[in-house]
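See below for the structure under consideration.
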Amino acid sequence: MMFFSSHSRPQECKLPMNADKKCIIVEEGKEILVGDVGVTITDPFKHFVGMLPEKDCRYALYDASFETKESRKEELMFFLWAPELAPLKSKMIYASSKDAIKKKFQGIKHECQANGPEDLNRACIAEKLGGSLIVAFEGCPV
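Next up, the structure:
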């Protein structure tokens, strides 16, 4: 997964995600933080949701692992996190720049806007990934 603010410099938006580093966080005015969640965290999606701030917006890329009735898949999801408690100005900036940011990345298969934790439950995400065809998300049945 990758987080970045709407003010991220273009070179920060071109960071590759590789197999051994599943989490990259970029925050305005701070260093790029890389976290390895592949082995140490049993539920990477729960960890991802926990990293989203309660009172500020974020863009995020998440490498989603899921199973359909026919096969297992990994596809890149783009999130716009705009919680109800975020300042209106921040919500407007993030919403208006979303398409430009999204175009900076290749391989995005799905998009999700979330305004609260209820939008980030496994059933909602499974619906975005393929609805009734999805039988498991991140190793958990839906």
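Counted from 1, the sequence shown has number 115 at position 115 by UniProt numbering; the numbering is strictly sequential. Don't be surprised by glycine CBs; every beta carbon is placed ideally from N, CA and C.
Nearest candidate by alpha-carbon position, reference Y62, set P83, I125, L133 and C140: Taking the first residue of the sequence shown as position 1, residue 62 is located at position 62. Closest by C-alpha distance to Y62, out of P83, I125, L133 and C140, is I125.
C-alpha gap between V142 and A136, whole angstroms: Looking up residue 142 in the sequence shown gives position 142. Looking up residue 136 in the sequence shown gives position 136. Cα to Cα, the separation comes out at about 5 Å.
Expected contact under 8 Å - CB spacing of K91 and A82 to nearest Å: Locating residue 91 in the sequence shown gives position 91, counting from the first residue. Locating residue 82 in the sequence shown gives position 82, counting from the first residue. Separation of the CB atoms of K91 and A82 is rounded to 5 Å, and the pair is thereby assigned contact status at 8 Å.
Separation of S71 from D119, as counted between CA atoms: Locating residue 119 in the sequence shown gives position 119, where the first residue counts as 1. Locating residue 71 in the sequence shown gives position 71, where the first residue counts as 1. Distance from the CA atom of D119 to the CA atom of S71, rounded to whole angstroms, is 25 Å.
Integer-rounded CB distance, given that M77 should sit under 8 Å from residue 159: It is not possible to answer for residue 159, since the shown part of the chain is limited to 1 through 142.
I134, enclosing beta strand (DSSP E) - first and last residue: Translated into positions along the sequence shown, residue 134 becomes position 134. If you look at I134, you'll find it in the beta strand (DSSP E) that goes I134 to F137.
Secondary structure of I93, DSSP reduced to three states: What you label residue 93 is simply residue 93 of the sequence shown in a count that begins at 1. I93: helix per DSSP, three-state reduction.
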